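First comes the structure, then the notes that go with it.
Residue numbers (the UniProt record's numbering): 1 to 362.
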């Protein structure tokens, strides 16, 4: 086969991949819209999807006729804020996970596994328990942004520590990465436990439920504050997709391509920490979304972050909404914490992924 035929074959293969990627993203968008509709429709008060669409259209000022006030109240006050919060949290966790896996060049990197979520949680718990004792000035000045910004700071610090421990001579050791993550999780867990011990009864109840992850009690103010904080990483990280693609080749190779490696690494770490910290602040600890979603998408779409990151945002939000839907319907009228469901599903997936990595290494 001559070089012209080989070139034509390669071009045809790239076109087929691009076609498959476009259709996969379209399918993920349709899936997210369907899950969003179900999340708004299903609950203790079941609302037909057609009625949901009519209420949404009426809220936009479209002439759709009379809608039931009860349905309007349920959708606009309870269901819609909760659904939007779930979409934002799931997208933030998945995009942050995909970015960190690209940065560390390993599919085992996850905000929960390497201590980012634990650091964010420790900072958030510190605000919850100590906010009225020694941090009054801070909480008064920042208002609703105190908790997300504190969680961002905690996640950023732990990410930088783990990254420094795991990197040497431009290479990242996966073993050191996971061991450092275990150590950071243990230290942050000890600090969280100490603060929980110091908490009063009301704070203790809030912390216990929050630590398991939940979207319950979502409000429009939470949605607004979260949207302000995660909009930057959700839009900025996909813009760094080419940088992440170059980093997959290695730091030295990325530097030869004209990329300021250290500056880009710090920027990606800060954006991922902001996304995770803001998500943890409003939803608590929800694990494995940042691990499972990017890996599934790599199997379907390949490693190109230009496609992977938008797909992660769509699938991450959809899966978290599905988990939330199960959490509030499986044991009605009670509600399961979402973190329990994601751990039950993500734990076995991580073990399978770890065994596959072990097989590759062997």
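Positions of the beta carbon are idealized from the N, C-alpha and C atoms, including for glycine. Here the structure is a predicted model, which means the values were calculated and not measured.
- With a 10 Å radius around the Cβ and a threshold of 16 neighbouring Cβ atoms, residue 55 comes out buried.
- Secondary structure of residue 211 (DSSP, three-state): helix.
- For residue 58, the enclosing alpha helix (DSSP H) begins and ends at 49-59.
- In the assembly as shown, residue 23 is an exposed residue. Its beta-carbon has fewer than 16 other beta-carbons within 10 Å.
- Restricted to the segment 247-289, the alpha helix (DSSP H) segments that are unbroken, complete and at least 4 residues in length are 251-256 and 261-283, listed in chain order.
- Looking at the DSSP output, residue 99 sits in no beta bridge, so it has no partner there.
- Shortest Cα-Cα distance from residue 204 to any of 125, 89, 274 and 235 involves 125.
- DSSP places residue 164 in the uninterrupted alpha helix (DSSP H) bounded by 146-166.
- DSSP, reduced to helix, strand and coil, places residue 245 within a helical segment of the structure shown.
- If you draw a 10 Å sphere on the C-beta of residue 184, you find 16 or more other C-beta atoms in it, and that means buried.
- Contact check for residue 107 against residue 225 fails: the beta carbons are separated by 8 Å or more.
- Straight-line measurement puts the Cα of residue 145 at about 29 Å from the Cα of residue 294.
- Note that the C-beta distance between residue 259 and residue 213 is not below 8 Å.
- Linking residue 308 to residue 25 through their CA atoms gives a straight-line distance of about 9 Å.
- The alpha carbon of residue 336 has as its nearest neighbour, out of 344, 326 and 343, the alpha carbon of 326.
- CA-to-CA, the gap between residue 62 and residue 89 works out to about 30 Å.
- About 30 Å separates the CB atoms of residue 290 and residue 44; that is not less than 8 Å, and the two are not in contact.
- Nearest in C-alpha terms to residue 18, of all of 306, 334 and 328, is 306.
- Leaving aside the five residues that flank residue 339 on each side, the residues in its chain whose CB is nearer than 7 Å to its CB run, in chain order, 212, 213, 284, 285, 286 and 287.
- Distance between residue 241 and residue 345, taken at the CA atoms: about 28 Å.
- Taking C-alpha positions only, residue 235 is separated from residue 32 by approximately 18 Å.
- Pairing residue 264 with residue 70, the inter-Cα distance amounts to about 50 Å.
- A contact is defined here as three or more CB-CB pairs under 8 Å, and the segment 186-200 meets this definition with respect to the segment 113-121.
- In this structure, DSSP gives residue 72 a helical state, which the three-state scheme calls helix.
- Going by beta carbons, residue 181 and residue 162 fall inside the 8 Å limit.
- Going by DSSP, residue 239 is part of the alpha helix (DSSP H) stretching over 220-239.
- The closest CA to that of residue 167, considering only 277, 356, 262 and 59, is found on 262.
- Counted as a single uninterrupted DSSP element, the alpha helix (DSSP H) harbouring residue 310 occupies residues 305-327.
- Where residue 116 is concerned, the enclosing alpha helix (DSSP H) starts and stops at 116-130.
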